[in-house]
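Worksheet: the structure to be examined is printed underneath.
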Amino acid sequence: MVVGVARVTLILHASNSLKDKRQVLKSVIEKVKNKFNVSVAEVGGNDVWQRAEIGITAVGNDRAFVNSVLDKVLNFIEGLHLAEVTDSEIEIVNF
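The numbering of the sequence shown is the working numbering, which starts it at 122 and goes up by one.
Put into structure tokens, the structure is as follows:
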């Protein structure tokens with residue numbers, strides 16, 4: 122079993138409140154969940170209205186497949202143009 126975890130830091134330039142942030146983040150998370158078979162959650166920056174961290178996980182049998190899925194998710198998030206991706210990190214673990 123191969124587990125891949127990605128942590129993505131986002132800057133939400135158009136966000137002026139926590140309500141705006143939640144609205145944008147909810148949209149990003151739902152779009153990712155609908156397009157890819159991954160788990161997504163906000164994992165940091167909860168009280169900061171222009172910055173967010175989301176965690177994404179994927180599980181599979183093949184390391185290359187899991188890495189490919191996470192790369193596609195990161196590219197998809199960047200392509201949404203709802204937030205600027207300022208940092209991303211992927212870690213893949215074999216169990």
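We treat Cβ as the ideally placed atom computed from N, Cα and C, and that holds for glycine.
Taking only runs that begin and end inside the stretch 122-154, name each unbroken beta strand (DSSP E) of 3 or more residues, in chain order.
Entirely contained in the stretch 122-154, the beta strand (DSSP E) runs reaching 3 residues are, in chain order, 123-132.
Note down the Cα distance separating His202 from Lys142, rounded to an integer number of angstroms.
Approximately 14 Å between the Cα atoms of the pair.
By the 10 Å Cβ neighbour count, where 16 or more other Cβ atoms means buried, how is Ser148 classified, buried or exposed?
Counting Cβ neighbours within 10 Å, Ser148 comes out exposed, since fewer than 16 surround it.
Asp208 to Asn167, Cα distance in whole Å?
Their backbone Cα atoms lie some 17 Å apart in a straight line.
For Val206 and Gln171, what's the separation of their Cα atoms in angstroms?
Each residue's alpha carbon lies about 12 Å from the other.
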